Structures are given as structure tokens and as C-alpha cells.
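>
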Amino acid sequence: MNALSWVSDMLNGDWDLQSDRLRVYRGSEDQMVWEGPLLPSLWLAPSGGERLFVKAEVSGFKPGDNATSGELELVFPDVANGQMRFTILEDSLRIESFSLHWLGQPIPIIAMYIGAVEMGEEERRIVPSLDVPFWPAWLAEGVCIPGGKTGPIQSFFRNWELGHSRIALGNFAPAMGSLYGAAYPRPLLACGMGGKHGWVVLGTPSAPDGALTFQTRSSCACLEILYREDLWGSVDQPTRTWEDFLHVTWGDHPVEVYGRFYYPEQAETKPSGHQLSWWNTWGDFKERVFELDDTAERSKNSFDVDVLVYDDLWETMNSSGDPNYERFPEFDQSVQKALDLGLKIGFWQSVGWLDDPEVFDLDKNDLLCGADGEPRQCSWSFDPFSKAPRHYALDPSSPRARQFLIERTKRVIERYPTSLLKLDFCYGLPGPDVAVPRDLEWRGERMGIGLFDIIAKTALEVRPDIIIVCYSLSPLFAKYGNIVSLDDLGDAAGREAEGHGQWSAWATIAGRGGLAINASSGYHWEAERDVLLNTAVIGAPGGILPTYMADGSEMPKEQFRPRRALAKWFRRTAGWKPLWLNSHLGDFNRDPEINCWGRLEVLDGEERLVSLALRSEAHESGLIDRFPNLGWEGDWAIISQDDQAIEKSSAVAFIPIGLGKLSIDYSVWPKKVVGVFESESGDREEDIPWEWVDGVLLLSVDDFALFRGLLGIVVYRADNPGDSN
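Residue 0 is where the sequence shown starts when you use numbering that gives the first Met the number 0, and the numbers rise one by one after that.
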């Protein structure tokens, strides 16, 4: 067989096996989505010889159980043979395994490429660099990598805009040439390419044993899995096998296609005990504000969150697990005060950093070391001239290093009744250019995920209901991680409202996967309106905000009320899908932009609209068919308080962010309408003006209501249409 082809309701494709050219297109070949080679190639370092580039060729085909599956026999000329097992589905091509059999002694692999080809004479005459004999060969109108660029956050790029770049798709961002980026939504382990006719997402659903990057040269692209066995020695195995080697998923838009790449099926909605609200001390700690006297009271009384999280700098040093009493002499009292107020507590923990190994009877045999045998150092930026703290990196190959993580985790959880661990800096470890774990099983992307798993598994064994915070959209972290957090918005370069909107659009993927979500916040209160409106749709509120404003004055209490209201009424369920309304999902002209949108929960096979976020500037008549009379002034979050849709719910919370008016279709006279007000003695319910006219509910919020401490309005539905108040 020389070619494979398919026609689907989504996109069509054909794969010329002899030339190794896969093409994905819509309708006809002149509506090309993406094209390029798919068979792997190897960049090798033979003993005593020049480096060698060799690409797989198809030498045979064995049909599978049906017409869309089979096994390819491969040859790497003069070097190795191989097999590749694949299946083609309606929306994807899945390479389920790839095996390599060396013809002689194993040769050190510098890197494996998917999408690179050897250049011919014509290609060599035009490329701007001849450092290597190969070049990326994936072609498309452009690229989409969620949060691929920071400052400000950018996800969509035309095919020439990345130039010659290497973007880390895994755990090695600053170590592999990418600028520093926050944890969320990384690691992705996938990339998107396409344009106006559709999109493909290409990546690995398993953790590669090398460092995965997306590489561009000119307007061409490929994937690289970096091993650097020329430094660390070849793997002494005559056969190497990679399971779940590569998936290619296609469809209309990257948000949708990434979603199906990670989670092929939409999760049903379920209650989530992990989807809790929290307040995080990093907003103060990063500004070197270390007073904890009223942190617990503010977290509870001002924001009414579920969890108070003590972030980075709470320890004597990274990874000690012991409080820094010199910095926080009142630390234990703060923790106890939080518990007495009914708050749960959580702690930040570094996944792989350690500042002073000798304190824990560890030495260089337990750390990542360079080719000279000496421990490597790492930081958030790997800047050799920076004054930022440097750390050592644990080698998970070491039984003592693994035991240290286990004991530290147990010590933290047993010392304090810990309900949450925020596991950070999987992405702050040295890459294979300078260090690798001694044990092959921990190399590449497996290292960061493996370190995360050691800590999370231990914590869950000690306390099965503990919340394990992760940041990745990849389901690999969901093995033990049970909530995805959007992290802070340092990536946004001050444009936090836009950045949080982008991140919220990508968070819908976690919603599809049935994962709990915490929406976090920015570093600045100016973005609060947008953060809270997004949070009303995607999950639980989280705060990493400072206590004090830029001029040193304390934030006015009334600024806290919308966040407090959301903490009272947010959805405590996982598994949902977005109703985009007039939001924009992103393209080459602008990145994802959230305007008005909603949350659809899937129960008993039925989609139910349970929350809405309405922005004042995005008002649009006829926005939602089920609410033909919907109209508003100001900004509103509307959240059902049971498992029914807004129009059928026994209680609906209407949260205004400032002054506003709202009209919405409501089929029956309400049983009760109350305003919920904040007060020193606790929240209180009071009557508030409202109207119901011909099936339309009318609400309004004026200055006096806000002055009195209004949090929101709750409308209770009559038990039957004959009931009234």
C-alpha cells in the first residue's frame, strides 16, 4: 500500500506513505489545513564519526482489524528497522506505538524529530543556516500554542511570526530556550497548526523520555524530543519502544481540537469536593509584606473563602517543609486562627528544588549533575548574572531523594491539618543539554511529572481528601492532581483582564475533562471585574492579590464584596462545556476574548445553562434564545444554586459588580426575592425592590444598596406556577 486516505464529517486527509506526506484539508485539496511528514527521524552521534541524520522510510504495510488501522514496517537506512502501529478515527490519527530495532550497537540519539526532513541541494541554497543537514517541514497558515508567548499573553501566530524559535511544550521552558512563563497551562505536550479552513493538534498523550519542544525555522515547523545521549551515553537496549507515540487530532478551532486531543469524551457533570475557593498569601509575600496578624480574619471575613494557602517563602528554604519562624514568628498562631475560623489550610511546595541538601543528609549523588559530575543549579530564569536565589535539583533516580520528598510531604501534612498542596516549578529544572536523571525511567518529561506524582501520591495516602493543585491541561497530571489552577498573571505584562480571559477560554478544556478548576486572579485589583465574571463560569474563585494598594493604603472593603459574593454562590461541580455567546475564541487577528458567555452542565444527557457572565460593554439584544427579553446595564454574574438550569432553578443568585439593572425571562411569579447584605454579625437577608411583568423579572442595584453592603440578590422559584409571595 502506497497511501492512506479518509473522508470524515470534520476534515479529510491522505497520507502518501512513500513520500511521507500527510495532508489534512477541508472538502478539497485547495482548502489545505496542514501538511507535512509524520515518520520520525533521528539525529545521531556515532562513535568516532560525524553526526548522522536518518529518517524513517516505509518498507511494508500490515493491515489491521479494519480498513483504518494497521502497522507500518520502517527502515532507517543502514541504522535500524522499526514498526509503527496506527489507527485512523473520525477526528484523529493515532500512532499507538513506535519500535526501533538497531542493526548493530545502539547509537547515541541527540534528538528525535517528527516533521523534519533532510535538505536537498535546492533547499540548502536558500536556508539561512547550514548548521544541520535537516529542516522542519510542517506547513500551515499559522500556529496556536496556548500561552505560547508572554508579556502580553499570546496564543495565535501566523506562520512567519515565530521566526527561528524553540518553544518548550513540556517541563523545561526556561531551560530550553523559551522565556519564563507561569505554570498554567503547561506542560501542554502538544501544538496546534492550521488556519481558516481548520486546525490540527499534534502531540503525545504520554510523557516522552526526552524534552519535547516545538521548533520553527522560517515558516516551517516540527517537534523535537531532545535526549543528548552524545553527552550521557546511548541507551543499551537493542530495541526501544515508545507507546502512545503521537496523536493528530483535527477540527474547526484550536479550543475545540485541543479539548478533544486531551479528553476525547465530554465529561458528565458531577459534584466536586475539590473545587474550593481560596486566598493565597503570595500577593503579599511577593511584595515582601510578611505580616500574618490578620491574614486569617481577612481571608474569612472579607472573602469568605474555603482555604487559606501559605505560599512560597513560608519555609526556612525551598523544600524544607519547616516554617520560617524568623520571618514569621506568629506562623503557628496564624494557622491556628485560620482553623478556628473554619478555614482549611494549604501550603506551597516546590516539586524538585532544594537549597541546602546537606541539611537533609543528601549529597551530589541525589542531585542532577552535569557531565563533570558536579551538581547543577537552577532558578526560575536560569540567568547566570541574576541575584535571584539559586537551587539544586533533586534526581528522582535516587532512592534517598525520593524518600526525602515522601518524608517532607508527610511532615508537612502531619504537622498541620493540611487540606491543600500547591505543587509548583515542575518547569524550573535543568534540561538534557546540561543534566539528566541517572535512571532512564525518569528522563525527559517523565522527570517533572514523576516528581509531582511522588509528592501527590504520598499526600493522598496520608490524607485521601487532600486537594492537589496542578496547572497543566494534560490529563497526565490528573492521575493525582485533582484541581487545575490558572496560576497568577505575571505573564500578562499588566494586561491582566485580557490575559485572564485567554486563560479562561483554555480552561474550558479542563471543564470538558471533568476537572475541578480554580480561577485564581491577577496581581492587580484593576482586573477584578473581568476575573470575577470569568470565574462565575469556569469554577472557584482564588486570590493572589495584595492587601495594600500602590500608595500603601489598605484596599477599601467594598472592593472585596463581589469576590465575597462569588465565594458564596459559585458552582461546586466539575464537568461542563462553554456557551460562547458573543465571545471570540481567537484567530490570527486577535487572541481569545471573553465577552458574555455561560456554563452548560451535562446531566442525564441534557445540557443545562447554570451560569452566565454579562459584561456591560458587550450588551447585545437577542443574545440567548431561551431569554428573548434579556437586557442589562452594568456587569452581572447569574448562577443557579442547584443542578437545574437558570430558568428552572429553585434559587438563582444574581451578583452585580457595581451599579446595574437587569431584565430576564422568568416564567412564574417568584416565591421570594431577597437582597443578601454583608454585616459585622454575618450576612443578612432583606427585602429589595423588584418587579415581575408578563413573565419578565426586573432587578436593579443603586448606590444605596451598595452602600448598605449588598452582595447579591437571590430569587427563589415558586414550588408551582400557582405559588406567589
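Glycine is no exception: its CB is placed at the ideal position from the N, C-alpha and C atoms. Computed from a prediction, not measured in an experiment: that's the story for all the values here.
Below 7 Å CB to CB, which residues in the same chain sit around Arg216 once its five sequence neighbours on both sides are set aside?
The residue given as residue 216 occupies position 217 in the sequence shown. Excluding residues within five positions, the ones whose Cβ falls inside 7 Å are Trp134, Pro135 and His163.
> Can you tell me whether DSSP reads Ala477 as helix, strand or coil?
Translated into positions along the sequence shown, residue 477 becomes position 478. Ala477 falls in the helix class under three-state DSSP.
> In this structure, does DSSP put Asp722 in helix, strand or coil?
Taking the first residue of the sequence shown as 1, we reach residue 722 at position 723. Here Asp722 scores only 42 on pLDDT, less than 50, and its place in the model is too uncertain to base an answer on.
> Does the distance from the C-beta atom of Ala564 to that of Gly711 stay below 8 Å?
Counted from its first residue, the sequence shown places residue 564 at position 565. Counted from its first residue, the sequence shown places residue 711 at position 712. The answer is yes: Cβ separation under 8 Å.
> If you count every other CB in all the chains shown that lies within 10 Å of the CB of Leu129, and 16 or more means buried, which is it?
As a working mapping, residue 129 is identified with position 130 in the sequence shown. Result: exposed.
> Which of helix, strand or coil does DSSP assign to His523?
Reading the sequence shown from its first residue, position 524 is the one you call residue 523. Note: His523 maps to coil in three-state DSSP.
> Taking Cβ positions, are Pro655 and Trp635 nearer each other than 8 Å?
The residue given as residue 655 occupies position 656 in the sequence shown. The residue given as residue 635 occupies position 636 in the sequence shown. Yes; because the gap between Cβ atoms is below 8 Å, this pair is in contact.
> Pull up the distance between the alpha-carbon of Trp689 and that of Ala717, whole angstroms please.
Here residue 689 corresponds to residue number 690 of the sequence shown, with the count starting at 1. Here residue 717 corresponds to residue number 718 of the sequence shown, with the count starting at 1. Approximately 16 Å, taken between the alpha carbons.
> Please report how far the alpha carbon of Val256 lies from the alpha carbon of Ser68, in whole angstroms.
Locating residue 256 in the sequence shown gives position 257, counting from the first residue. Locating residue 68 in the sequence shown gives position 69, counting from the first residue. Computed Cα separation, rounded: 22 Å.
> Would you say Pro561 and Ser276 are within 8 Å of each other, going by their C-beta atoms?
Position 562 of the sequence shown, counting from 1, holds the residue named residue 561. Position 277 of the sequence shown, counting from 1, holds the residue named residue 276. No, they are not a contact pair.
> For the alpha helix (DSSP H) that Leu565 lies in, which residues bound it at each end?
Position 566 of the sequence shown, counted from the first residue, corresponds to residue 565. First-last of the alpha helix (DSSP H) with Leu565: Arg560 to Trp568.
> Within 10 angstroms of the Cβ of Leu178, are there 16 or more other Cβ atoms? Answer buried if so, exposed if not.
Translated into the one-based positions of the sequence shown, residue 178 becomes position 179. With fewer than 16 other Cβ atoms within 10 Å, it is exposed.
> Do Ala387 and Asp394 have their C-beta atoms within less than 8 Å of each other?
For this step, residue 387 is matched to residue 388 along the sequence shown. For this step, residue 394 is matched to residue 395 along the sequence shown. Not in contact: Ala387 and Asp394 (Cβ atoms no closer than 8 Å).
> Tell me whether Ala384 is buried or exposed, calling it buried when 16 or more other Cβ atoms sit within 10 Å of its Cβ.
As a position in the sequence shown, residue 384 is number 385, starting the count at 1. The sequence shown places Phe at residue 384, not Ala. So Phe384 ends up on the exposed side.
> Take Ala506 and list the residues in its own chain whose beta-carbon comes closer than 6 Å to its own, dropping the five residues that flank it on each side.
Counting from one through the sequence shown, the residue named residue 506 turns up at place 507. Excluding sequence neighbours, Ala506 sits near Ile516 and Ile537.
> In the structure shown, what three-state DSSP assignment does Asp423 receive?
Working through the sequence shown from its first residue, we reach residue 423 at position 424. Reduced to three states, the DSSP call for Asp423 is strand.
> Indicate the three-state DSSP secondary structure (helix, strand or coil) for Arg445 in the structure shown.
Counting from 1 along the sequence shown, the entry for residue 445 is found at position 446. Helix, per DSSP.
> Please confirm if the stretch 331-341 is in contact with the stretch 284-295, defined as three or more CB-CB distances below 8 Å between the two stretches.
Yes: the two stretches touch, three or more of their Cβ pairs being nearer than 8 Å.
> Within the continuous alpha helix (DSSP H) that includes His618, where are the two ends?
Here residue 618 corresponds to residue number 619 of the sequence shown, with the count starting at 1. Per DSSP, His618 belongs to no alpha helix (DSSP H) and is neither H nor E.
> If Gly209 sits next to Tyr226, beta carbons under 8 Å apart, how far is it from one beta carbon to the other, in whole angstroms?
Within the sequence shown, the letter at position 210 stands for residue 209. Within the sequence shown, the letter at position 227 stands for residue 226. The Cβ separation is near 5 Å, so the contact holds.
> Compare the Cα-Cα distances from Asp682 to each of Glu440, Ser301, Glu495 and Asp664 and report the closest residue.
Residue mapping note: residue 682 aligns to position 683 of the sequence shown, counting from 1. Considering only alpha carbons, the answer is Ser301.
> Do you know how far the Cα of Ile638 is from the Cα of Glu242?
In the sequence shown, the residue the question calls residue 242 occupies position 243. In the sequence shown, the residue the question calls residue 638 occupies position 639. About 43 Å.
> Three or more beta-carbon pairs under 8 Å between the stretch 461-469 and the stretch 487-507, yes or no?
Too few Cβ pairs lie closer than 8 Å, so no.
> Does DSSP classify Asp13 as helix, strand or coil?
To locate residue 13, count along the sequence shown from 1; it is residue 14. Three-state DSSP puts Asp13 in a strand.
> For Val714 and Tyr547, what's the separation of their Cα atoms in angstroms?
As a working note, residue 714 is residue 715 in the sequence shown. As a working note, residue 547 is residue 548 in the sequence shown. If I take the Cα positions, the gap works out to 35 Å.
> Excluding five sequence neighbours on each side, which residues of the same chain lie with their C-beta closer than 6 Å to the C-beta of Ser503?
The count along the sequence shown starts at 1 and reaches residue 503 at position 504. Asn533, Ile537 and Ile593, listed in sequence order.
> Under the DSSP definition of a beta bridge, which residues are partnered with Asn300?
Residue numbering aside, residue 300 sits at position 301 when the sequence shown is read from its first letter. Partner(s): none; Asn300 has no beta bridge.
> Nearest to Val116 by CA position, among Val435, Pro36, Gly147 and Asn1, is which residue?
As a first step, residue 116 is located in the sequence shown; it is residue number 117 there, counting from the start. If we check each option's Cα against that of Val116, Pro36 comes out closest.
> Just to confirm my understanding: we take Tyr324, look at its own chain, exclude 5 residues before and 5 after, and list those with CB closer than 7 Å. What are they?
On the sequence shown, residue 324 is found 325 positions in, with the first residue counted as 1. Closer than 7 Å at Cβ, skipping near neighbours: Phe330.
> In the DSSP output, what is Phe52 paired with across the bridge?
Residue mapping note: residue 52 aligns to position 53 of the sequence shown, counting from 1. According to DSSP, which records beta bridges pairwise, Phe52 is partnered with Trp42.
> Could you say which of Gly542, Ser473 and Val675 lies nearest to Tyr183 if we only look at CA atoms?
One-based indexing of the sequence shown puts residue 183 at position 184. Of the candidates Gly542, Ser473 and Val675, the one whose C-alpha sits nearest the C-alpha of Tyr183 is Ser473.
> Please state the DSSP three-state secondary structure of Tyr257.
Position 258 of the sequence shown, counting from 1, holds the residue named residue 257. In this structure, Tyr257 counts as helix in the three-state DSSP scheme.
> On the DSSP bridge assignment, give the partners of Tyr183 in chain order.
One-based indexing of the sequence shown puts residue 183 at position 184. Answer is none; Tyr183 lacks a bridge partner.
> Would you identify the three-state DSSP class for Leu3, choosing helix, strand or coil?
By 1-based counting over the sequence shown, the position of residue 3 is 4. Looking at Leu3 - three-state DSSP - the assignment turns out to be strand.
> By a C-beta neighbour count over all protein chains shown, 10 Å radius and 16 as the cutoff for buried, is Arg407 buried or exposed?
Position 408 of the sequence shown, counting from 1, holds the residue named residue 407. Arg407 should be labelled buried.
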